[in-house]
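So the sequence shown is numbered by the UniProt record's numbering: it starts at 1 and just counts up by one.
Input: a single structure, listed below in structure tokens.
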Amino acid sequence: MSAQGAAEKLPQPLQSLQKQGLEVKGQFDVGPNLHGYVIQYQGQGSTVFLTPDKQHAIVGNLIDSSGNNLSDPQVEKYVYAPMGKQMWSRLESSRWITVGNVKAPRIVYAFFDPFCPYCAQFWEKARPWLDSDKVQLRVLLVGILRPESTPRAAAIMMAKDPSKALKDYENTHGKTSPSLPDTVNPDVASALKSNLQLMENLGSDATPTIYYLNPKGRLQQQQGLPPDDDTMNTIMGSKP
């Protein structure tokens, strides 16, 4: 169904919401006389319910007699699950450096700036999982903290073995690093720019920003250094 055709079939209150920039992502029924719609605005999901005459819409959550939120599963289904899959796909298709066993069952993405002290601390915390081959860490380098960040990131990405260059750099706290290039390869410069744009598009403005999937397959974000061991275990899995 075309977008125009779909809009024409929507009740007038929902068409009014669309004109305000809200997207209708799905429809569900709660009993014969209550029709619900899932809406999305600026990355956030909610539900709308029409009055029986379809002339008015009520925005909010629907709660049953037992106190269960009937809106949450619908918002998850129509907004957050598809959004998470799309974001994970974008991470998969980006330019990252693999650390750890490429066949590890668990994959974690992280945006790193070479001069980020919290990235270095996360690296140290993550090493038991990486050394035990339980996690594949995919690092997306960006340059945001210093003028030297971008050329340093480019030097690591342009190394003969970027994975080894990154490990050596992090394991020695920046004392071992490839020489800064006189000229950055165009594909590397483009990748660094794309990584920064992707980080911003995913709603992050700091490093490290870490992405992983929870047991239900929903994308999760941890911005900044994980505060405790429990959070690390949640991100990386049970500690080896």
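In this text, a Cβ means the ideal position worked out from N, Cα and C, and glycines have one as well.
Using a Cβ-Cβ cutoff of less than 8 Å, which residues in the same chain neighbour residue i once the five nearest sequence positions on both sides are dropped?
{"i": "Ile156", "result": "Ile97, Pro114, Leu141, Pro162, Ala165, Leu166, Tyr169, Ser177, Pro178"}
{"i": "Trp88", "result": "Tyr211, Leu213, Leu219"}
{"i": "Ser2", "result": "Because the pLDDT of Ser2 is 35, which lies under 50, any placement of that residue in the model is unreliable, and the number read from its coordinates should be weighed accordingly. Excluding positions up to five away in sequence, the list is empty."}
{"i": "Ser132", "result": "Pro240"}
Where does residue i fall in DSSP's three states?
{"i": "Leu14", "result": "helix"}
{"i": "Gln20", "result": "coil"}
{"i": "Lys9", "result": "helix"}
{"i": "Val99", "result": "strand"}
{"i": "Asp230", "result": "helix"}
{"i": "Lys85", "result": "helix"}
Below 7 Å CB to CB, which residues in the same chain sit around residue i once its five sequence neighbours on both sides are set aside?
{"i": "Asn61", "result": "Thr47, Asn69, Ser71"}
{"i": "Val24", "result": "Leu10, Leu14, Gln18, Tyr37, Ile39"}
{"i": "Asp228", "result": "none"}
{"i": "Gly84", "result": "Arg218, Leu219"}
Among the options, which one has its Cα closest to the Cα of residue i?
{"i": "Pro82", "options": "Gly26, Ile235, Pro181, Asn185", "result": "Gly26"}
{"i": "Lys54", "options": "Gly224, Gly203, Gln12, Asn195", "result": "Gln12"}
{"i": "Gln40", "options": "Tyr118, Leu196, Glu76", "result": "Glu76"}
{"i": "residue 245", "options": "Ser194, Gly217, Thr183, Leu50", "result": "Residue 245 lies beyond the range of the chain shown here (1 to 240); nothing can be said about it."}
{"i": "Gly217", "options": "Pro181, Val99, Val108", "result": "Val108"}
{"i": "Met232", "options": "Asp187, Leu192, Gln121", "result": "Gln121"}
{"i": "Glu92", "options": "Leu198, Thr234, Gln222", "result": "Leu198"}
{"i": "Asn171", "options": "Lys125, Asp187, Thr183, Asn185", "result": "Lys125"}
{"i": "Asn101", "options": "Tyr118, Leu225, Leu137", "result": "Leu137"}
{"i": "Pro181", "options": "Thr150, Val99, Cys119", "result": "Thr150"}
{"i": "Leu202", "options": "Gln86, Val99, Tyr118", "result": "Gln86"}
{"i": "Pro226", "options": "Cys119, Ala191, Asp64", "result": "Cys119"}
Excluding the five sequence neighbours on either side, which residues of its own chain have a C-beta within less than 6 Å of the C-beta of residue i, listed in chain order?
{"i": "Met236", "result": "Trp129, Val135"}
{"i": "Arg127", "result": "none"}
{"i": "Pro52", "result": "Asn33"}
{"i": "Ile58", "result": "Phe49"}
Taking the straight line between their C-alpha atoms, what separation do you get for residue i and residue j?
{"i": "Ser204", "j": "Gln44", "result": "16 Å"}
{"i": "Pro208", "j": "Leu22", "result": "31 Å"}
{"i": "Gln74", "j": "Phe28", "result": "8 Å"}
{"i": "Ala189", "j": "Arg152", "result": "12 Å"}
{"i": "Gly5", "j": "Phe111", "result": "At Gly5 the pLDDT is 41, less than 50, meaning the model places this residue with poor confidence; the figure from the coordinates comes in the next sentence. Approximately 41 Å between the Cα atoms of the pair."}
{"i": "Tyr80", "j": "Ser238", "result": "26 Å"}
{"i": "Trp123", "j": "Arg146", "result": "20 Å"}
{"i": "Ala159", "j": "Val184", "result": "11 Å"}
{"i": "Leu196", "j": "Gly143", "result": "8 Å"}
{"i": "His173", "j": "Arg90", "result": "30 Å"}
{"i": "Gln20", "j": "Gln42", "result": "12 Å"}
{"i": "Asp187", "j": "Val139", "result": "17 Å"}
{"i": "Ala154", "j": "Ala206", "result": "19 Å"}
{"i": "Gly31", "j": "Ser65", "result": "14 Å"}
Ranges of the beta strand (DSSP E) found wholly within the UniProt domain "Thioredoxin-like fold" (106-225), counting only runs of at least 3:
106-112, 135-141, 209-213, 219-223
I'd like the ranges of any beta strand (DSSP E) spanning at least 3 consecutive residues and lying wholly in the segment 40-77.
Counting whole runs of 3 or more residues, the segment 40-77 contains the beta strand (DSSP E) stretches 44-50, 57-59.
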